[in-house]
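Enquirer:
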Amino acid sequence: MSDSPDASPETQTSPETKAGPPSPTAAGATARSALASPAAPLLARAAQLHKAGDLPAAVQTYRQAIVVDPGFAEAHNNLGAALRAWGKRNEAIVAYQEALALAPDYALAHANLGGALAESGETEAALDHLAAGYLLAPDRPQMGRRLVNVLRRSTPASVTPRVHEALAALVEDPAVEPQSLEPCIVALLNADPRIRGVLDALAAGQPPTVAEAGPPVYAAIAESELPALLAEAVLTDSRLEMLFAILRAAWLEALLEDHPELLPDRALLVALGLQLETVEWSWLESPAEQQRLAGLAERLRDPAARRDGPDAPGAASLALLVYALYRPLDPFYEDAELHALADPAAGPEGLLLYRHLVEPAERERFAAAIPGATPIRDRTSQSVRAMYEVNAYPRWRRLARRPGRRVDLLMPELLPDLRRVSIPFDQRRVRILVAGCGTGRHACMTAQRFAFSQVVAVDLSRRSLSYAAQRARDLELRNLHFLQGDILELGGLGEEFDIIECSGVLHHLASPEQGWRVLCGLLAPGGLMRIALYSDLARQGVEEARAVIREQGLTPTPDGIRAARAAIRALPEDSQARLLAESPDFFSLSGCRDLFFHVREDRFTVPRIAHALEALQLDFLGFELPSEGIRYNYRRRFPEDPEQRDLAKWATFEEENYLTFAAMYQFWCQAKG
Ligand SMILES: C[S@@+](CC[C@H](N)C(=O)[O-])C[C@H]1O[C@@H](n2cnc3c(N)ncnc32)[C@H](O)[C@@H]1O
Numbered sequence: 296m297s298d299s300p301d302a303s304p305e306t307q308t309s310p311e312t313k314a315g316p317p318s319p320t321a322a323g324a325t326a327r328s329a330l331a332s333p334a335a336p337l338l339a340r341a342a343q344l345h346k347a348g349d350l351p352a353a354v355q356t357y358r359q360a361i362v363v364d365p366g367f368a369e370a371h372n373n374l375g376a377a378l379r380a381w382g383k384r385n386e387a388i389v390a391y392q393e394a395l396a397l398a399p400d401y402a403l404a405h406a407n408l409g410g411a412l413a414e415s416g417e418t419e420a421a422l423d424h425l426a427a428g429y430l431l432a433p434d435r436p437q438m439g440r441r442l443v444n445v446l447r448r449s450t451p452a453s454v455t456p457r458v459h460e461a462l463a464a465l466v467e468d469p470a471v472e473p474q475s476l477e478p479c480i481v482a483l484l485n486a487d488p489r490i491r492g493v494l495d496a497l498a499a500g501q502p503p504t505v506a507e508a509g510p511p512v513y514a515a516i517a518e519s520e521l522p523a524l525l526a527e528a529v530l531t532d533s534r535l536e537m538l539f540a541i542l543r544a545a546w547l548e549a550l551l552e553d554h555p556e557l558l559p560d561r562a563l564l565v566a567l568g569l570q571l572e573t574v575e576w577s578w579l580e581s582p583a584e585q586q587r588l589a590g591l592a593e594r595l596r597d598p599a600a601r602r603d604g605p606d607a608p609g610a611a612s613l614a615l616l617v618y619a620l621y622r623p624l625d626p627f628y629e630d631a632e633l634h635a636l637a638d639p640a641a642g643p644e645g646l647l648l649y650r651h652l653v654e655p656a657e658r659e660r661f662a663a664a665i666p667g668a669t670p671i672r673d674r675t676s677q678s679v680r681a682m683y684e685v686n687a688y689p690r691w692r693r694l695a696r697r698p699g700r701r702v703d704l705l706m707p708e709l710l711p712d713l714r715r716v717s718i719p720f721d722q723r724r725v726r727i728l729v730a731g732c733g734t735g736r737h738a739c740m741t742a743q744r745f746a747f748s749q750v751v752a753v754d755l756s757r758r759s760l761s762y763a764a765q766r767a768r769d770l771e772l773r774n775l776h777f778l779q780g781d782i783l784e785l786g787g788l789g790e791e792f793d794i795i796e797c798s799g800v801l802h803h804l805a806s807p808e809q810g811w812r813v814l815c816g817l818l819a820p821g822g823l824m825r826i827a828l829y830s831d832l833a834r835q836g837v838e839e840a841r842a843v844i845r846e847q848g849l850t851p852t853p854d855g856i857r858a859a860r861a862a863i864r865a866l867p868e869d870s871q872a873r874l875l876a877e878s879p880d881f882f883s884l885s886g887c888r889d890l891f892f893h894v895r896e897d898r899f900t901v902p903r904i905a906h907a908l909e910a911l912q913l914d915f916l917g918f919e920l921p922s923e924g925i926r927y928n929y930r931r932r933f934p935e936d937p938e939q940r941d942l943a944k945w946a947t948f949e950e951e952n953y954l955t956f957a958a959m960y961q962f963w964c965q966a967k968g
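As numbered in this note's numbering, residues 296 to 968 make up the sequence shown, in order.
(1) Along the chain, where does the alpha helix (DSSP H) containing tryptophan 811 start, and where does it finish?
(2) Mapping DSSP to helix, strand and coil, what is tryptophan 238?
(3) Would you call the segment 587 to 599 and the segment 616 to 623 touching, i.e. three or more CB-CB distances under 8 Å?
(4) Determine the closest residue to arginine 773 out of Ala764, Ala695 and Ala842, with distance taken between C-alpha atoms.
(5) Taking the Cβ atom as the reference point for each residue, do tyrosine 628 and alanine 637 lie within a distance shorter than 8 Å?
(6) Which residues in the same chain as alanine 859 place their Cβ atom closer than 7 Å to its Cβ, once the five residues preceding and following it in sequence are excluded?
(7) Skipping 5 residues on each side, what residues in its chain have a beta carbon closer than 6 Å to that of alanine 259?
(8) By a C-beta neighbour count over all protein chains shown, 10 Å radius and 16 as the cutoff for buried, is serine 756 buried or exposed?
(9) Buried or exposed: where does glutamate 796 fall if 16 or more other Cβ atoms within 10 Å of its Cβ makes it buried?
(10) With glutamate 556 and arginine 693 assumed to form a contact (beta carbons below 8 Å), what rounded beta-carbon distance in angstroms separates them?
(11) Indicate the three-state DSSP secondary structure (helix, strand or coil) for alanine 583 in the structure shown.
(12) Helix or strand or just coil, what does DSSP make of arginine 736?
(13) Measure how close the beta-carbons of leucine 801 and leucine 828 come, nearest whole angstrom, since I'm counting them as under 8 Å.
(14) First and last residue of the beta strand (DSSP E) that includes phenylalanine 779?
(15) Cβ of cysteine 887 versus every heavy atom of ligand 1: is any distance shorter than 7 Å?
(16) Helix, strand or coil for aspartate 914? Go by DSSP, reduced to three states.
(17) Out of Ala946, Phe933, Leu874 and Arg930, state which residue places its alpha-carbon closest to the alpha-carbon of methionine 906.
(18) Based on Cα-Cα distance, which residue from Ala583, Phe539 and Arg587 lies nearest to serine 577?
(19) Suppose you measure from the CA of valine 362 to the CA of alanine 341; what does that come to, to the nearest Å?
(20) Answer with buried or exposed for threonine 974, where buried requires no fewer than 16 other C-beta atoms within 10 angstroms of its C-beta.
(21) Would you say the beta carbon of histidine 803 comes nearer than 7 Å to a heavy atom of ligand 1?
(22) Pull up the DSSP beta-bridge partners for alanine 611, would you.
(23) I'd like the ranges of any beta strand (DSSP E) spanning at least 3 consecutive residues and lying wholly in the segment 807 to 866.
(24) State yes or no: is the C-beta of glycine 568 nearer than 7 Å to some heavy atom of ligand 1?
(25) For valine 750 and leucine 908, what's the separation of their Cα atoms in angstroms?
(26) Going by the CB atoms, is the gap between phenylalanine 915 and leucine 942 shorter than 8 Å?
(27) Closer than 7 Å: is that where the CB of leucine 788 sits relative to any heavy atom of ligand 1?
(28) Within 8 Å, do at least three Cβ pairs link the segment 804 to 811 to the segment 733 to 750?
(29) Quick one: Cα of glutamate 951 to Cα of alanine 496, how far?
(30) Run the proximity test for cysteine 732: is its beta-carbon closer than 7 Å to any non-hydrogen atom belonging to ligand 1?
(31) Which same chain residues, not among the five before or five after arginine 697, have their C-beta less than 8 Å away from its C-beta?
(32) Pop quiz: alanine 508 and valine 493 are said to be a contact at Cβ under 8 Å. What is the actual Cβ separation, rounded to whole angstroms?
(33) Beta strand (DSSP E) containing valine 753: first to last residue?
(34) Any chance the CB of leucine 817 is under 7 Å from a heavy atom of ligand 1?
(35) Taking the C-alpha atoms as reference points, what is the distance between tyrosine 401 and glutamate 460?
(36) Could you tell me if alanine 840 is buried or exposed, where buried requires 16 or more neighbouring beta carbons within 10 angstroms of its beta carbon?
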């Protein structure tokens, strides 16, 4: 839910409607000013027709402009855009290519050509042009977004150097959500013969020694964008995880047996250390490993063992970096010299120490400072809270920074089939409640994407709230405020909200409908509500997994959760429960706790939702769907429901496609009146 699809081609702004010619550096415009062209008036006329939707006339006029000035790159680009909108993709591609032949650094034409090629299924060429567009105009958010939208759906075996360069820049780009780059970066690494060879050997049960396998693997990783990604996103590839887990065990052994030559360079240790902190050390550990780890902890009791590695004087020791692959460094919290190294601005090593030594203490301060808004008296709320105080969920690091949009502009993006939504509240002062904000990912997204909003985010768990507050601080969100409280008690808050969002929360209440009713009492007349609930049909695999975990007597301790992951991975490939090993939640301890060990989980069906909406006097506005494919298939199945708002039809659709709502029923509704 980070980068919304954005396939629309762009045209160069008509020179007549701009104060001056587009800047070649900022927008990657053509070398020659559009204003200088004798065909500039024709371009402006064509652009007007194009904007008005008269595509045949626009195409004709762009062509006239090209006759007058054949070297006019903007006219070729805009012609391509009009042709593409008209459904003439192949002709559009030729027009964009003409534009680029005239102006090879024309960022917009690269991006447009990339978009058209992606639609034609020519992913490799598409990525290359989209990357060129992004590298030429990295400050135009659309360029990055267009590239990411294709990247996130592709798992290429190889890409051009330009795409590699763009990937490296995208991982660091604050406008991009790093998690969206993970599938592509991982696919490229998996296709590297140096990695593939080792993975194949592992799959065949013939693990190579670390001395053999290490150097080529380290080299492949160092050449990839993975190290930077590991600091900011969750690695969700089981085969790579298993490879790294085997290497980690070998490094621990090598360290304790004084074979430092078998260790990788510090950069890889640090990158994996950052990853393991994010996923809370969820990877399986053998008893022998845990025994060695105890030996390492003993060694690190001596402050001298924590610093001054011979290869990097003054820095953290290799022993400390290996320890950080297994456990938080909090036993060394008092070590002032280590603290002095904990500086995110000093690079990945400083960041690792910062996340271990500074952030946890900071979260405690945030937790203590968050106001308590309500008592927590309900027994289910108390046990749910206790669970999230141990396993705050979800683990996340960075969101794409986005400018806010007005509600009336944002809603059609979220619900593209909805014909009209009335917004009866003041859009310059939107009051939003996020109920059950957890670690704040959704709340931060909401505070960012709704312009002129003031957001209050409430949760039971202080630990989750402190994580949320830290991320909100990182994102410099000043319109987001956190409170601790129970949804069931929020009626006493005495406030009214224009928008209420409650995502993945109500099904954890003893009576979800009761909590939902409390929220309705806080919603202004005509206010909007976004709800997300588990689907009974889509969660059958979770039920199976929970049965397996119960049979094995596993409990939600870190070791119990690690063992549960191994148990799920050992299930037959085609079982419903085994599919969960691919879900992002599977990769962190808190995610797995939420998935397999929840203290309270209810599930919904479409009829139950319809019944609740009726009882709560809410109008159903539509589902937010995870893929365009679902929307398309529904439209084909039920063409008589163009707004996609008929819940009886959705019930049928889900029965026919039972994983439709695997990412929950996520929908908008509106208070009547
Ligand atoms: C699965 S997490 C979802 C977090 C967040 N909404 C998201 O989408 O990332 C569920 C959260 O709901 C909170 N929660 C559950 N019951 C609640 C209640 N009665 N009042 C307030 N928060 C509640 C939990 O503490 C937990 O943080």
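A virtual CB, placed ideally from N, CA and C, is assigned to each residue, including glycine.
Bear in mind that the values here come from a model prediction, so they are computed numbers and not experimental data.
Expert: In short:
(1) Boundaries of the alpha helix (DSSP H) harbouring tryptophan 811: 807 to 816, taken from the DSSP string.
(2) Not covered by the structure: residue 238. The range shown for the chain is 296 to 968.
(3) Yes: the two stretches touch, three or more of their Cβ pairs being nearer than 8 Å.
(4) Residue Ala764 is the option with its Cα nearest to arginine 773.
(5) Going by C-beta atoms, tyrosine 628 is not nearer than 8 Å to alanine 637.
(6) Hits under 7 Å: Ile844, Leu849, Cys887 and Phe891.
(7) Residue 259 lies beyond the stretch modelled for the chain, which goes from 296 to 968, so this question has no answer here.
(8) When all chains shown are included, serine 756 counts as buried.
(9) Glutamate 796 should be labelled buried.
(10) In fact, because the Cβ distance is near 35 Å, the residues do not count as touching under 8 Å.
(11) The answer is helix: DSSP assigns alanine 583 an H, G or I state.
(12) Looking at arginine 736 - three-state DSSP - the assignment turns out to be helix.
(13) Between leucine 828 and leucine 801 the Cβ distance is about 6 Å, and since that is below 8 Å, they are a contact.
(14) The sequence as given places glutamine at residue 779; phenylalanine does not occur at that position. Residues 775 to 779.
(15) False, no ligand heavy atom lies under 7 Å from that Cβ.
(16) Correct three-state label for aspartate 914: strand.
(17) It is histidine, not methionine, that sits at residue 906 in the sequence shown. Minimum Cα-Cα distance from histidine 906 among the listed residues Ala946, Phe933, Leu874 and Arg930 corresponds to Ala946.
(18) Among Ala583, Phe539 and Arg587, the Cα nearest to that of serine 577 is on Phe539.
(19) Taking the Cα positions, valine 362 is about 13 Å away from alanine 341.
(20) Outside the displayed range of the chain (296 to 968) lies residue 974, so it cannot be described from this structure.
(21) Taken from the Cβ of histidine 803, at least one heavy atom of ligand 1 lies inside 7 Å.
(22) Arg602, per the DSSP bridge assignment.
(23) Counting only unbroken stretches of 3 or more residues, the beta strand (DSSP E) elements lying wholly within the segment 807 to 866 are 818 to 828, in sequence order.
(24) Relative to ligand 1, glycine 568 has its C-beta separated by 7 Å or more from all heavy atoms.
(25) Here the C-alpha atom of valine 750 lies approximately 24 Å from the C-alpha atom of leucine 908.
(26) Taking 8 Å as the cut-off, the beta carbon of leucine 942 is found closer than this to the beta carbon of phenylalanine 915.
(27) Flag unset: Cβ of leucine 788 not near ligand 1.
(28) Contact fails: fewer than three Cβ-Cβ distances are below 8 Å.
(29) The alpha-carbon atoms of glutamate 951 and alanine 496 are separated by roughly 40 Å.
(30) Within the cutoff, so yes.
(31) These residues qualify, in order along the chain: Pro436, Ala470, Gln743 and Arg744.
(32) So it is a contact: roughly 5 Å between Cβ atoms.
(33) It spans 748 to 754 - the beta strand (DSSP E) in which valine 753 sits, taken as one unbroken run.
(34) Between ligand 1 and leucine 817, a heavy atom-to-CB distance of less than 7 Å is absent.
(35) Going from the Cα of tyrosine 401 to the Cα of glutamate 460 covers about 18 Å.
(36) So alanine 840 counts as buried.
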